[in-house]
Structure formats: C-alpha cells, structure tokens
Amino acid sequence: MSSVTETKTTVEALPQELELVNWPLRDQPRCSTTIIVAAVVVAALLTIAASSLWFGMIAFAMTLLSLWRIWLPVHVTLNARGVTQRVGWHQWRTPWSQYSRVVVDDQGVTLLANSAAAPITLLRSVYIHGGPQQLQLIRVTTFYIDTHIAH
C-alpha cells in the first residue's frame, strides 16, 4: 500500500492598503517642541558667533525650512506597490524593493533603504509614526519587506 500525504501550503493574504498621516507637530508635540527649541538655540548661537542678526535670522529660517516634516502633514499610503508619501500636491512612491529591513519601536517603524547601491540611498529611509494603527503598520511593513526579501 502506498501512502499519499497531502502538503498544505499556506498563502498569507495580502494586507489591505494602509493609510496614515504623519504630523509630528500634532502627534508628537513634546518631541516637536524640543526640536523647535533646539533650532532657536542654534540660531541664537550662530547670531552671536557671526555678530549678525541677519545671519541668525537666515540660519533660523533655513533650519525651519529643513524641518518641513514637522510643520506639514505627510500622508503615507502602504500597499503592494510600495510606500507613497504625499505632501500637499506633491507625491512620490518608493517601491518595497528599495527597502532592506524594518526597525520597529514603540511609536512606529523605520523603513531602512538598501545601502548596497550607494551611501546616499540611506537618505531614502523613512520613519512612519504608527499611532493607533501601530500593530497594523507593523504587520503591513513586515509582510511586504519579508515578501520582497524572500524573492
């Protein structure tokens, strides 16, 4: 007699599209305030060092501009095609293949860009605040990163 064994293959269903809004000024006021105070202190020190009020004001303005992710809400959509970020009318998508791993903390996840291509690609790493959708965010990001790495 021959015995036939059945092998069950488990196919994990694709997670649903997840949409989040990252806005540190609203979601993380303590951290945002600390960063803003640090910007003011740096501008004050530069003003004193340069002995120029204009230089200090320009340095402060440039610092505030560089902190645009604090001031403006970033809409993030995660789906099978990748991570889409939208600020105002500008939007950009990064495919999952551009990320090598997920780092999870108690507030959100950091998607680390592949560093093999060039060190500059590390600038494409992105932090996504999970808020009340933290568990779903972890599930979606780990699913797509693991799926990409497996292939």
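Going by the working numbering, the first residue of the sequence shown is number -17, and it counts up by one from there. Note that CB positions come from ideal geometry on N, CA and C, so glycine has one too.
- Cα atoms of Val58 and Pro11: separation of roughly 20 Å, rounded to the nearest angstrom.
- For Gly64, the three-state secondary structure derived from DSSP is strand.
- DSSP places Ser79 in no beta strand (DSSP E); its state is neither H nor E.
- If you compare the alpha carbons of Val24, Ala26, Asn4 and Leu27 with that of Gln67, the shortest gap goes to Asn4.
- Taking C-beta atoms as the reference points, Val86 and Ile120 count as a pair closer than 8 Å.
- Under the 10 Å beta carbon count, Ile52 is surrounded by 16 or more other beta carbons and is classified as buried.
- Burial state of Gly38 is buried, judged by a 10 Å Cβ sphere holding 16 or more other Cβ atoms.
- In chain order, Gly90 and Thr92 place their CB closer than 7 Å to the CB of Tyr109, counting only its own chain and leaving out the 5 sequence neighbours on each side.
- A straight-line Cα-Cα distance of about 34 Å links His111 and Thr29.
- The beta-bridge partner set that DSSP reports for Trp74 consists of Gln67.
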